[in-house]
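Working notes, beginning with the structure itself.
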Amino acid sequence: MYRIACLRIPRFQIAVHRKHEPGLKGRPLVLLSGKTNKSTVSQRAGHAPPVQAPGSGRGQAVIFMCSAEAHGKDIQPGMRLSEARALCADVLWREQDQKLYADWTNKLVRALVSCSPAVTAEGFGLFFMDASGLRHLGGEGAFCQNVLRLCSKLGFVEGNVGVADNAFAALVAARYKHRRWCIVPHGQDQSFLAPLSIGHLPASQDMQEALLALGIRSMGQLAGLPAEAIAERFGRQGLLARELACGLDRRRPSMPPAEKEFQASVDLGYPVASLNETLFVLKSMLDRLIGQLKQEGLRAEELQVIFFNDNERFDERPLKLICPSNNARFLLEILKLSLEAQPLKREFTGLLLAVSRFSRESWQQLPLSGQSPPDGLRKAGEQQSASILLLQRLQTRLPGAAAVRAVASDQYFPDNAGAWIPVLESRAASAVVPPDLEYIRNYTGARALAGGMVIKRAPEPVPVLVELEESRPAAVRYHGRWRPIKIITTPECLSGLWWESFIRKSYYVALLAGRDNRQDNQNDPGELLVLLAHDHQTGCWLLEGFFD
Amino acid sequence: MPQAEHLNQITALKQHFEQLFPGKWATAGEKTRALLTGLPEIDGNLSRGLARQRITEWAGRTSSGKTTVLRAAIANWCASGLDVAYIDAGCRLLAADWAFVGQKADACAPGQEAGRFWVIRAACPEQARPASSSRDELYIADLLLRSGSFDVVVLDLGAGSPSSRMYARLTRSLAGSKAALIILKDDLSAPPGWGCHTRLSFRWAEDACCEPGINGPAMITPAVRLSIWRDGASKTTEVVLGSHVSNRLFTHPQVPDRRAPKA
Numbered sequence: 008m009y010r011i012a013c014l015r016i017p018r019f020q021i022a023v024h025r026k027h028e029p030g031l032k033g034r035p036l037v038l039l040s041g042k043t044n045k046s047t048v049s050q051r052a053g054h055a056p057p058v059q060a061p062g063s064g065r066g067q068a069v070i071f072m073c074s075a076e077a078h079g080k081d082i083q084p085g086m087r088l089s090e091a092r093a094l095c096a097d098v099l100w101r102e103q104d105q106k107l108y109a110d111w112t113n114k115l116v117r118a119l120v121s122c123s124p125a126v127t128a129e130g131f132g133l134f135f136m137d138a139s140g141l142r143h144l145g146g147e148g149a150f151c152q153n154v155l156r157l158c159s160k161l162g163f164v165e166g167n168v169g170v171a172d173n174a175f176a177a178l179v180a181a182r183y184k185h186r187r188w189c190i191v192p193h194g195q196d197q198s199f200l201a202p203l204s205i206g207h208l209p210a211s212q213d214m215q216e217a218l219l220a221l222g223i224r225s226m227g228q229l230a231g232l233p234a235e236a237i238a239e240r241f242g243r244q245g246l247l248a249r250e251l252a253c254g255l256d257r258r259r260p261s262m263p264p265a266e267k268e269f270q271a272s273v274d275l276g277y278p279v280a281s282l283n284e285t286l287f288v289l290k291s292m293l294d295r296l297i298g299q300l301k302q303e304g305l306r307a308e309e310l311q312v313i314f315f316n317d318n319e320r321f322d323e324r325p326l327k328l329i330c331p332s333n334n335a336r337f338l339l340e341i342l343k344l345s346l347e348a349q350p351l352k353r354e355f356t357g358l359l360l361a362v363s364r365f366s367r368e369s370w371q372q373l374p375l376s377g378q379s380p381p382d383g384l385r386k387a388g389e390q391q392s393a394s395i396l397l398l399q400r401l402q403t404r405l406p407g408a409a410a411v412r413a414v415a416s417d418q419y420f421p422d423n424a425g426a427w428i429p430v431l432e433s434r435a436a437s438a439v440v441p442p443d444l445e446y447i448r449n450y451t452g453a454r455a456l457a458g459g460m461v462i463k464r465a466p467e468p469v470p471v472l473v474e475l476e477e478s479r480p481a482a483v484r485y486h487g488r489w490r491p492i493k494i495i496t497t498p499e500c501l502s503g504l505w506w507e508s509f510i511r512k513s514y515y516v517a518l519l520a521g522r523d524n525r526q527d528n529q530n531d532p533g534e535l536l537v538l539l540a541h542d543h544q545t546g547c548w549l550l551e552g553f554f555d
Numbered sequence: 004m005p006q007a008e009h010l011n012q013i014t015a016l017k018q019h020f021e022q023l024f025p026g027k028w029a030t031a032g033e034k035t036r037a038l039l040t041g042l043p044e045i046d047g048n049l050s051r052g053l054a055r056q057r058i059t060e061w062a063g064r065t066s067s068g069k070t071t072v073l074r075a076a077i078a079n080w081c082a083s084g085l086d087v088a089y090i091d092a093g094c095r096l097l098a099a100d101w102a103f104v105g106q107k108a109d110a111c112a113p114g115q116e117a118g119r120f121w122v123i124r125a126a127c128p129e130q131a132r133p134a135s136s137s138r139d140e141l142y143i144a145d146l147l148l149r150s151g152s153f154d155v156v157v158l159d160l161g162a163g164s165p166s167s168r169m170y171a172r173l174t175r176s177l178a179g180s181k182a183a184l185i186i187l188k189d190d191l192s193a194p195p196g197w198g199c200h201t202r203l204s205f206r207w208a209e210d211a212c213c214e215p216g217i218n219g220p221a222m223i224t225p226a227v228r229l230s231i232w233r234d235g236a237s238k239t240t241e242v243v244l245g246s247h248v249s250n251r252l253f254t255h256p257q258v259p260d261r262r263a264p265k266a
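Structural data, given as structure tokens:
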């Protein structure tokens with residue numbers, strides 16, 4: 008008697024993101040299709056996720072999954088983010104990260120091996136397990152309880168288990184009436200499936216509509232039709248659906264593949280403190296690991312170094328690589344930079360070096376023409392590798408620093424009219440609405456685009472007092488002194504973004520006089536050309552930046 | 004008189020003539036080692052342009068027009084294929100102002116790539132800058148100079164004033180690099196730093212140009228008064244800045260807010 012169990016974790020991707028960022032728990036969250044690697048990598052690096060600037064153009068992205076809280080606010084998959092925000096202003100979003108989901112799927116498979124020897128993942132959040140021979144181990148009910156308990160321990164509290172003779176029936180049982188577990192007795196798969204809707208079948212929308220039009224609503228009705236007629240009408244897809252409806256599914260879970268581990272450890276037996284000695288030890292370990300990686304055709308994506316002092320783990324540092332590499336010299340340099348930037352606080356007697364993430368080495372030829380590499384790295388060859396090395400050094404030494412380039416965005420507000428995007432990120436993946444520049448190019452030429460004054464914004468807008476004359480600003484009190492306004496522009500009145508955080512401001516460009524007639528201060532900053540804003544929401548006057 | 008002394012005198016005389024008649028007396032080697040800004044007001048007065056492998060100070064008060072002039076020079080450098088890196092220590096730049104720097108210009112020859120323009124943001128603007136931040140900026144500048152990937156590196160220190168040790172280290176980094184280093188300072192009162200080769204001081208000129216709008220001035224564009232100091236000699240000139248192009252010329256307006264009354 009062969010039995011299969013199916014574990015289904017609904018909204019698996021949402022659960023993974025919440026596990027990764029506990030602050031997302033209990034809040035409306037949506038996942039957007041169209042992944043950008045950099046943002047997700049930076050999130051995984053432990054930094055705060057990028058703050059979405061209001062109106063920065065992400066609104067066109069399509070939602071592919073939403074949390075129960077978001078669903079409660081009538082947000083549905085397939086909507087655009089802007090539509091979702093119109094329904095729920097405080098909805099949070101993340102881009103989907105296939106790699107993160109795959110990592111967690113593998114983790115779950117490895118954990119589920121403790122319940123069943125054969126475990127196979129069928130996509131994200133769906134696992135099939137061998138459930139045969141459980142009579143003397145507490146029965147299938149106890150097995151389901153153990154599986155769900157294990158999932159809860161790993162942070163996936165929502166889960167359903169179905170047990171049946173074949174995989175499809177087990178999957179339908181896991182979905183059945185939202186019960187925590189559902190056990191289909193042996194030999195009753197077909198009778199279990201018969202009254203259920205054909206919507207459970209993995210058939211195309213067209214086929215399902217055609218079946219409904221023919222009056223076939225349940226799987227029992229479909230199973231009763233002759234196979235030849237189904238094959239003639241719907242082809243191979245129809246036959247497969249009929250087989251599943253009859254309780255015939257040949258899928259079987261298998262033993263999970265052995266996990267590849269690339270790690271080396273050494274117990275020195277004596278304390279080491281100097282950088283040179285540390286690097287000497289690391290080099291030999293790295294050479295060995297890189298040899299293994301090259302043999303398997305892999306490249307390191309992340310290294311992890313753990314230092315021990317008499318079995319006490321006192322330093323652990325993950326090192327993420329901007330570009331996967333299996334170059335030992337380059338990786339040693341990264342390790343050296345990390346040790347120089349954050350020296351060890353004490354001496355160590357043992358260390359462990361592991362390649363915690365790796366990817367397959369790409370042997371694909373780059374496009375000969377047409378498709379161009381990202382703008383930030385246009386120049387191919389040596390310059391590209393030099394740039395990657397430079398960025399890697401920068402990231403290793405100063406994790407807070409970022410090499411960015413400016414991209415214009417078609418927005419009105421000064422803060423949103425452009426965005427800084429990482430130099431390695433292509434323009435297509437950036438969160439901006441590209442402006443149409445043809446008009447400017449035709450009338451003024453490209454040089455005019457870089458015209459106008461450069462503004463340097465204050466870290467925080469500075470609240471100032473303003474003296475009005477005939478409802479126009481005449482003097483500004485800044486740094487404890489009244490400064491007459493020599494010239495001021497007509498206000499630029501902007502309002503909008505009510506679906507995020509309502510902004511209603513009047514922007515003035517004002518030339519403030521250097522010193523008033525009564526005082527003579529050598530430290531006077533002279534004339535100031537400033538961006539003055541009147542926030543109509545709060546009634547405040549703010550000095551938002553200086554033209555320099 | 005020894006021959007070396009004669010040569011020194013001749014070199015000094017050539018330099019003097021070069022200042023009087025720019026571009027006539029510099030040797031070919033000196034020309035290739037210099038960077039012309041493309042701004043006639045500066046290039047006409049600054050003999051042989053900005054020197055590579057040297058420190059140039061770009062100083063002025065908080066609001067003096069120095070960054071606008073620098074951006075015009077950077078746009079020209081990028082258009083001529085030079086790579087420029089800008090270390091924005093305080094994260095004070097707005098992306099909208101710099102979005103079109105580094106784009107291929109009309110004047111670029113066919114097949115010629117525009118240079119790269121990278122901004123290195125040392126820390127998030129929301130975060131308080133730690134005490135070791137100047138050390139971080141120094142490290143970034145050192146890294147960029149030694150990488151050999153950039154022709155110009157701009158170090159924007161804001162109101163901070165670099166120490167002599169910092170200058171010494173940067174000078175040492177420049178020795179092994181082809182780049183020109185520009186230190187942008189918001190402090191006009193401090194004297195030129197140790198090892199400073201050229202200093203450009205900026206302040207607003209007396210006259211401010213206003214672009215008229217429908218109900219009054221639409222934009223104020225003051226001229227910039229520029230003093231150039233090099234080799235003990237100093238010259239003053241005035242730079243007229245380009246006109247402002249509003250982003251209202253773009254074609255995709257934001258969704259209008261129909262709920263709120265007009266401001």
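The listed protein sequences correspond, in order, to chains A and B. If you want this note's numbering, it's the position in the first sequence, counting the first as 1, plus 7. If you want this note's numbering, it's the position in the second sequence, counting the first as 1, plus 3. Note that CB positions come from ideal geometry on N, CA and C, so glycine has one too.
| query | result |
| --- | --- |
| Which whole-angstrom value describes the C-beta separation of B/ALA162 and B/ASP190, a residue pair presumed to lie in contact below a C-beta threshold of 8 Å? | 6 Å |
| Could you check what DSSP says for B/MET169 in three-state terms: helix, strand or coil? | helix |
| Can you give, in chain order, each stretch of the beta strand (DSSP E) that sits fully within the region 146-194 of chain B and has at least 3 residues? | 155-161, 183-188 |
| Under a CB-based cut-off of 9 Å, is B/THR71 close to chain A? | yes |
| Taking any Cβ of chain A, which residues in the region 209-233 of chain B have a Cβ under 9 Å from it, in chain order? | ALA211, CYS213, GLU214, GLY216, ILE217, ASN218, GLY219, PRO220, ALA221, MET222, ILE223, THR224, PRO225 |
| Which residue's Cα is closest to the Cα of B/ARG206: B/HIS200, B/LYS69, B/SER150, B/GLU116? | B/LYS69 |
| Let me know if A/ILE237 comes out buried or exposed under the rule of 16 or more other beta-carbons within 10 Å of its beta-carbon. | buried |
| Give a yes or no on contact between the region 9-20 of chain B and the region 537-554 of chain A, applying the rule of three or more CB pairs nearer than 8 Å. | no |
| Which residues bound the alpha helix (DSSP H) around B/PRO3? | The structure shown has nothing for residue 3 of chain B, since chain B only spans 4 to 266. |
| Since A/TYR419 is in the alpha helix (DSSP H), which residue starts that stretch and which ends it? | A/TYR419 -> no alpha helix (DSSP H), and no H or E assigned at all. |
| If we count Cβ pairs, one from each stretch, closer than 8 Å, do we get three or more for the region 89-102 of chain B versus the region 235-242 of chain B? | no |
| Give the DSSP-derived three-state secondary structure of A/ARG502 in the structure shown. | Residue identity differs from the one stated: residue 502 of chain A is Ser in this sequence, not Arg. Strand at A/SER502. |
| For A/HIS541, does the count of other Cβ atoms within 10 angstroms reach 16, so buried, or fall short, so exposed? | buried |
| Count the other CB atoms, across all protein chains shown, that sit within 10 Å of the CB of A/ALA12; report buried if there are 16 or more and exposed otherwise. | buried |
| Look at the Cβ atom of B/LEU53, then the Cβ atom of B/ALA211, and state whether they are nearer than 9 Å. | no |
| Closest Cβ-Cβ distance between B/TYR142 and chain A: below 9 Å? | yes |
| Are the C-beta atoms of A/TRP489 and some chain B residue less than 9 Å apart? | no |
| Find out if the Cβ-Cβ distance for the pair B/VAL242, B/ILE45 is shorter than 9 Å. | yes |
| Can you name, in chain order, every residue of its own chain whose Cβ lies under 7 Å from the Cβ of A/ALA210, other than the five neighbours on each side? | GLN244, ALA248 |
| Within 9 Å (strictly less), CB to CB, does B/THR65 reach chain A? | yes |
| Rank B/TRP61, B/TYR89, B/GLU214, B/ALA75 by C-alpha distance to the C-alpha of B/ASP291 and give the top, closest one. | This structure cannot settle anything about residue 291 of chain B, because the visible part of chain B is limited to 4 through 266. |
| Given that A/PHE554 touches chain B, what residues does it touch there, using C-beta distances under 7 Å? | SER66 |
| Classify A/THR47 as buried or exposed, calling it buried when 16 or more other Cβ atoms lie within 10 Å of its own Cβ. | Note that A/THR47 scores a pLDDT of 34, beneath 50, so its modelled location is shaky; the value from the coordinates is reported in the next line. Buried: at least 16 other Cβ atoms inside 10 Å. |
| What's the call for A/GLN418, buried or exposed, on a 16-neighbour Cβ count within 10 Å? | buried |
| What in chain B is Cβ-close to A/SER345, meaning under 8 Å? | The premise fails here: A/SER345 is roughly 14 Å from chain B at the closest Cβ pair, so nothing lies under 8 Å. |
| I want to know whether the region 189-209 of chain A touches the region 154-166 of chain A - three or more CB-CB distances under 8 Å. | no |
| At a cut of 8 Å, does the region 123-138 of chain A reach the region 82-99 of chain A through at least three beta carbon pairs? | no |
| Based on DSSP bridge pairs, tell me the residues matched to A/LYS463. | A/PHE553, B/LEU96 |
| At least one CB of chain A closer than 9 Å to the CB of B/SER204: is that the case? | no |
| Please tell me whether A/GLU147 and A/ILE190 are closer than 9 Å, where the distance is taken between their beta carbons. | yes |
| Quick one: which chain A residues come within Cβ less than 9 Å of B/GLY93? | LYS463, PRO466 |
| Does any CB atom of chain C fall closer than 9 Å to the CB of A/ALA481? | Here chain C cannot be found, since the structure's protein chains are A and B. |
| In chain B, which residues lie with their C-beta within 8 Å of the C-beta of A/PRO421? | LEU97, ALA99 |
| What would DSSP say about B/LYS238, mapped onto helix, strand or coil? | strand |
| How far does the beta strand (DSSP E) with B/ARG206 in it reach, from first residue to last? | 199-215 |
| Below 9 Å between beta carbons: does that hold for B/ASP159 and B/LEU177? | no |
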